[in-house]
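Novice: In our numbering, the protein residues as written are 2 to 262. Glycine included, C-beta positions come from ideal geometry on N, C-alpha and C. Here you go, one structure.
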Ligand SMILES: NC(=O)c1ccc[n+]([C@@H]2O[C@H](COP(=O)([O-])OP(=O)(O)OC[C@H]3O[C@@H](n4cnc5c(N)ncnc54)[C@H](OP(=O)(O)O)[C@@H]3O)[C@@H](O)[C@H]2O)c1
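And the structure:
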């Protein structure tokens, strides 16, 4: 797939991976719908894209965890552009906390955003893609969707759920011309860790990649039609170790966790 002139709905575009991805895709000629809750950040990104010669993006403030707002987002995209070619479900949040005394409301917000928000957006845009006989669904999951992380239990659970959702949809939708792509980034330098409360972890500084690097890798992998990509060699290695040497990996990871968490 060539990104040129593709109508791309990108959630979580106001910062981090989403913002970097918007800039990369705009440079490759995509027409973007920028979605998030922070209007000002979206508007500034829209202007930056236009000033650098990209197509003028559609800016739609939307809380993806609210079904009515997602309905309004879909209606706006239909009205302005007649539909979408690619949906990138990137909006997400974490909540790094010991489970026993965690705020359950925070857990609800994580599930509402990461899982239900993704379901709402996908359900909204898929019928139009099916009607036009083509489309791509991209799910930004996480290494935590294959390698659970302590004190990120509910976040890990939502990302495991996204992996199942994406694989199931891939089987269901491939015969109808819809491509499904799952991305599992490792640690990335964004606002995510600060907002989730995990910024203090030493691994954050040591192993995190830049959002720009990850965005380029995602743009390439989706364009190449890969079903799954892990834009981080260390994360990829961890996933493989857990798959092939589960007992040894659990033993070693428990020791690492005692040190870092
Ligand atoms: N950073 C990492 O280490 C890492 C690693 C693996 C996977 N990921 C995943 O990558 C994705 C992007 O995260 P990031 O690292 O770029 O973090 P980030 O900078 O905090 O970006 C998160 C984005 O999601 C948006 N968002 C959050 N809740 C939303 C809601 N209810 N409705 C609409 N938009 C919402 C935020 O915008 P507003 O606040 O303006 O709404 C923001 O644009 C997430 O799904 C995350 O789980 C991150």
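(1) Counting Cβ pairs closer than 8 angstroms, one from the region 74 to 88 and one from the region 119 to 130, do we hit at least three?
(2) Quick check: what's the CA-CA separation for residue 57 versus residue 179?
(3) So what does DSSP say about residue 37, is it helix, strand or coil?
(4) Which value, in whole angstroms, describes the spacing of the CA atoms of residue 168 and residue 181?
(5) At what residues does the alpha helix (DSSP H) containing residue 128 begin and finish?
(6) Could you check if residue 255 is buried or exposed, using at least 16 other CB atoms within 10 Å of its CB as the buried criterion?
(7) Residue 114 to residue 154, Cα distance in whole Å?
(8) For ligand 3, is there a heavy atom less than 8 angstroms away from the beta-carbon of residue 81?
(9) Does the beta carbon of residue 28 fall short of 8 angstroms from some heavy atom of ligand 1?
(10) Using the three-state DSSP reduction, which class does residue 136 fall into: helix, strand or coil?
(11) Once you ignore the five residues that flank residue 193 on each side, which residues in its own chain have a CB closer than 7 angstroms to its CB?
(12) With residue 59 as the anchor, note down where its beta strand (DSSP E) starts and where it stops.
(13) When you compare the CB positions of residue 62 and residue 39, do they come within less than 9 angstroms of one another, or not?
(14) Going by CA-CA distance only, name the one from 76, 66, 183 that's closest to residue 146.
(15) Locate the alpha helix (DSSP H) running through residue 164, then write down its first and last residues.
Specialist: The short version:
(1) Short answer: they touch.
(2) As a first step, residue 57 must be located in the chain shown, where it is residue number 56. As a first step, residue 179 must be located in the chain shown, where it is residue number 178. Cα-Cα distance, rounded: 26 angstroms.
(3) By 1-based counting over the chain shown, the position of residue 37 is 36. The three-state secondary structure of residue 37, taken from DSSP, is strand.
(4) Counting from 1 along the chain shown, the entry for residue 168 is found at position 167. Counting from 1 along the chain shown, the entry for residue 181 is found at position 180. Distance between residue 168 and residue 181, taken at the CA atoms: about 8 angstroms.
(5) Translated into positions along the chain shown, residue 128 becomes position 127. Element bounds for residue 128: 118 to 133.
(6) To locate residue 255, count along the chain shown from 1; it is residue 254. Flag for residue 255 reads exposed.
(7) Taking the first residue of the chain shown as 1, we reach residue 114 at position 113. Taking the first residue of the chain shown as 1, we reach residue 154 at position 153. Their Cα atoms are separated by approximately 15 angstroms.
(8) You won't find ligand 3 in this model; what it holds is ligand 1.
(9) Residue mapping note: residue 28 aligns to position 27 of the chain shown, counting from 1. Not so, every heavy atom of ligand 1 lies at least 8 angstroms from the Cβ.
(10) Mapped onto the chain shown, residue 136 falls at position 135. Residue 136 carries a strand assignment under DSSP once its states are collapsed to helix, strand and coil.
(11) Locating residue 193 in the chain shown gives position 192, counting from the first residue. Counting only Cβ-Cβ distances below 7 angstroms, and skipping sequence neighbours, we find 17, 95.
(12) The residue you call residue 59 lines up with position 58 of the chain shown. Taken as a continuous stretch (DSSP letters only), the beta strand (DSSP E) holding residue 59 covers 59 to 62.
(13) Mapped onto the chain shown, residue 62 falls at position 61. Mapped onto the chain shown, residue 39 falls at position 38. Less than 9 angstroms separates the beta-carbon of residue 62 from that of residue 39.
(14) One-based indexing of the chain shown puts residue 146 at position 145. Its Cα nearest to that of residue 146, the residue 183 stands out among 76, 66, 183.
(15) Indexing the chain shown from 1 puts residue 164 at position 163. Segment 154 to 174, the alpha helix (DSSP H) holding residue 164.
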